[in-house]
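Peer 1: Before I ask anything, let me first share the structure, which is written out below as structure tokens.
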Amino acid sequence: MTLTLTKIDNLLKEAGLLKEYVYKNNWYYNLPLPVELEIKELSYDSRKVTPDTLFFCKGLNFKEEYLEKAIEAGLEYYISETPYEVNSKLGIIVTDIRIAMALISMNFYDLPQEKLTVIGFTGTKGKTTAAYFTKFILDEATDNKTAMLSTMNTTLDGVNYFKSALTTPESLDLYKMMAEAVSNKMTHLIMEVSSQAYKLNRVYGLTFDVGIFLNISPDHIGPIEHPTFDDYYYCKRRLIENSKRMVLNTDTKDYILLKELTESKNIPYYSYSSTDKEADYTWETVDNSLLDFTVHSTHEDSLDINETYTIKLMGDFNKDNALASLITTKIAGANKEAAKKGLANTLVPGRMEHLKHPNGANVFVDYAHNYSSLKNLLTFAKQAHPMGKIITVIGSTGDKGISRRTDFGQVLSELTDVAILTADDPGSENPKDIAMEISAAINNPKVNQKIIVDRVEAIQTALSLAEKNDSVIIAGKGQDKYQKIKGVDTPYVGDYSAAESYIETLK
Ligand SMILES: CC(=O)N[C@H]1[C@@H](OP(=O)(O)OP(=O)(O)OC[C@H]2O[C@@H](n3ccc(=O)[nH]c3=O)[C@H](O)[C@@H]2O)O[C@H](CO)[C@@H](O)[C@@H]1O[C@H](C)C(=O)N[C@@H](C)C(=O)N[C@H](CCC(=O)O)C(=O)O
Ligand SMILES: Nc1ncnc2c1ncn2[C@@H]1O[C@H](COP(=O)(O)OP(=O)(O)OP(=O)(O)O)[C@@H](O)[C@H]1O
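Structural data, given as structure tokens:
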């Protein structure tokens with residue numbers, strides 16, 4: 240892949256992004272170099288450049304010395320929001336580096352999004368699960384020609400997965416991955432779209448064939464994320480104006496806002512809900528089953544999805560996720576058979592994974608790590624196994640999502656009998672202090688609390704306390720194989736493995 244300087248010049252001028260070119264210490268508006276010169280690589284990391292690379296100077300922690308070192312190593316072209324006094328061949332100065340990076344990247348990789356059916360999930364909770372449901376269904380429908388970019392895992396050939404760095408990659412990485420998916424003959428791409436993706440223009444200019452808005456609840460508010468809930472919700476709903484069709488959950492807070500926005504942009508949509516009989520589609524549990532549900536349409540079943548389905552993931556919220564995926568995949572071309580089979584086979588690492596304690600207690604390993612997900616999870620446990628106690632193992636991340644600590648205290652006060660507070664990606668903070676903050680927010684004296692910072696020990700303690708009818712809920716890390724400690728991804732066995740191996744010793 241290559242891009243000529245002329246093409247870059249046209250793109251930046253058309254978008255009104257170009258401020259000036261810096262060439263031999265003078266500033267120009269017209270390209271001061273031979274027009275046929277080509278950029279052969281793109282990079283935002285000074286450690287990964289060649290002379291023909293266009294280097295994007297961006298980011299909170301960007302330092303001029305990165306650019307200087309890259310130029311010493313031979314780099315000729317840089318693009319940034321401010322000129323630097325460096326000895327480069329050309330500096331391209333723009334008004335918004337992230338928008339410029341998105342536009343240049345999508346063109347450098349030859350607009351791969353136009354060769355794929357692109358599906359984008361947003362929402363506070365359920366993105367990964369709904370993305371997996373969708374992947375399993377579309378795999379049936381497309382014979383494994385579906386790529387996926389999820390928080391945990393990415394696959395660009397539909398089969399082999401690697402660990403993702405971000406929920407939504409930087410635009411440069413996103414288009415590079417899309418291009419690889421296209422060259423692997425993928426026809427569909429499912430991706431999770433985080434609020435940060437819109438805030439930081441990682442998906443600027445990308446149109447989704449289907450966008451899905453799953454839900455919203457306060458989260459991701461803090462110094463490196465969103466200043467307010469308003470900003471968070473606003474960023475999330477930008478998916479709407481960037482989608483050709485939408486799937487909307489009418490149970491979402493202030494749904495009217497989503498509906499009005501979607502309608503004002505003339506974007507066709509389907510709505511769904513677990514409770515609202517006015518939504519286009521709803522679901523109902525079959526005979527109190529934890530796993531079967533029937534889909535009903537309020538008006539006509541224009542998508543032809545009214546049917547009974549089975550899933551492997553417990554929790555009513557997973558039926559919501561499954562219904563969103565059913566509507567989405569039908570819009571994207573899957574038939575009912577593919578939908579039934581795909582849903583029935585979907586398992587998601589670390590989401591509602593079930594283990595049985597030798598004494599009969601039920602153990603759930605789940606990724607719940609914010610207010611709404613923990614509340615849904617513990618509500619499910621109470622309803623599914625009302626006879627026993629609920630023993631919850633949970634921690635809260637350091638450096639971000641600070642409000643979760645009091646949120647967890649509140650949910651634990653309402654819905655658990657035993658709370659074992661532990662470490663969960665403490666980052667630069669002391670995990671014991673974080674646990675104490677959660678503890679201080681537990682205002683129900685009946686909750687039996689313990690702080691055990693070592694996460695494996697916390698899990699073992701919870702399992703050793705469990706009796707026959709109890710539910711042990713291990714919330715937060717699922718199958719994550721690391722803990723973020725002082726900037727380092729420190730190896731961790733994972734919640735599922737920790738529980739599974741301890742249960743083995745009890746047999
Ligand atoms: C606030 C935020 O989104 N930050 C992300 C962003 O950082 P940044 O652009 O500010 O860059 P930086 O890490 O400060 O570094 C500055 C620049 O110098 C470059 N550099 C650095 C060293 C060097 O020697 N040479 C060099 O060129 C780096 O490549 C980088 O481009 O770009 C980096 C990669 O380019 C990301 O790793 C980083 O994610 C941080 C770690 C993060 O945690 N982000 C979270 C908040 C996030 O985005 N989360 C959402 C999910 C939220 C959800 O669950 O809904 C996501 O989409 O993942
Ligand atoms: N629709 C939903 N509503 C509320 N909670 C949910 C829903 N779906 C899943 N959850 C809960 O949230 C947890 C995380 O689910 P999932 O990974 O699918 O969401 P996500 O949006 O990708 O989350 P994150 O942004 O934290 O990566 C699950 O383990 C479950 O406890």
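Numbering (our numbering), first residue to last: 240 to 746.
Every residue gets a Cβ at the ideal spot worked out from N, C-alpha and C, and that includes glycine.
(1) In angstroms, rounded to a whole number, what distance separates the CA positions of residue 706 and residue 398?
(2) Could you check if residue 259 belongs to the surroundings of ligand 2, using beta carbon to heavy atom distance under 7 Å?
(3) Pop quiz: residue 585 and residue 375 are said to be a contact at Cβ under 8 Å. What is the actual Cβ separation, rounded to whole angstroms?
(4) In the DSSP assignment, the alpha helix (DSSP H) including residue 181 goes from what residue to what residue?
(5) Report the option in 721, 712, 647 whose CA atom is closest to the CA atom of residue 594.
(6) Please state the DSSP three-state secondary structure of residue 670.
(7) With a threshold of 7 Å (Cβ to nearest heavy atom), would residue 363 be considered close to ligand 2?
(8) Let's test the definition: count the other Cβ atoms within 10 Å of the Cβ of residue 337 and tell me whether it reaches 16, buried, or not, exposed.
(9) Tell me which residue opens and which closes the alpha helix (DSSP H) that residue 611 is part of.
(10) Less than 8 Å separating the beta-carbons of residue 488 and residue 396?
(11) From residue 437 to residue 443, what does the alpha carbon distance come to, in whole angstroms?
(12) Cβ of residue 454 versus every heavy atom of ligand 1: is any distance shorter than 7 Å?
(13) Would you give the residue range spanned by the alpha helix (DSSP H) that residue 703 belongs to?
(14) Is it true that the stretch 287-302 meets the stretch 382-390, where meeting means three or more beta-carbon pairs spaced less than 8 Å apart?
(15) Would you mind working out which of 313, 568, 258 sits nearest residue 286, comparing C-alpha positions?
(16) For residue 651, tell me which candidate among 499, 576, 615 has the shortest Cα-Cα distance.
(17) Residue 683 to residue 596, Cα distance in whole Å?
(18) In terms of residues, what are the limits of the beta strand (DSSP E) holding residue 417?
(19) In chain order, which beta strand (DSSP E) runs of at least 3 residues are fully inside the stretch 528-599?
(20) Got a sec, what are the start and stop residues for the beta strand (DSSP E) residue 367 sits in?
(21) Express the C-alpha separation of residue 476 and residue 611 in angstroms, rounding to a whole number.
(22) Considering only the alpha carbon of each residue, which of 407, 591, 415, 538 lies closest to residue 431?
(23) Looking at the structure shown, is residue 386 part of a helix, part of a strand, or coil, going by DSSP?
Peer 2: Judging by the given coordinates:
(1) 41 Å
(2) no
(3) 4 Å
(4) Residue 181 falls outside the range modelled here, since the chain spans only 240 to 746, and no answer is possible.
(5) 712
(6) helix
(7) yes
(8) buried
(9) 610-623
(10) no
(11) 7 Å
(12) no
(13) 694-704
(14) no
(15) 313
(16) 615
(17) 28 Å
(18) First-last for residue 417: 410-422, but that is the alpha helix (DSSP H), not the beta strand (DSSP E).
(19) 531-536, 547-549, 592-595
(20) That residue, residue 367, is in no beta strand (DSSP E); its alpha helix (DSSP H) goes 366-381.
(21) 19 Å
(22) 407
(23) strand
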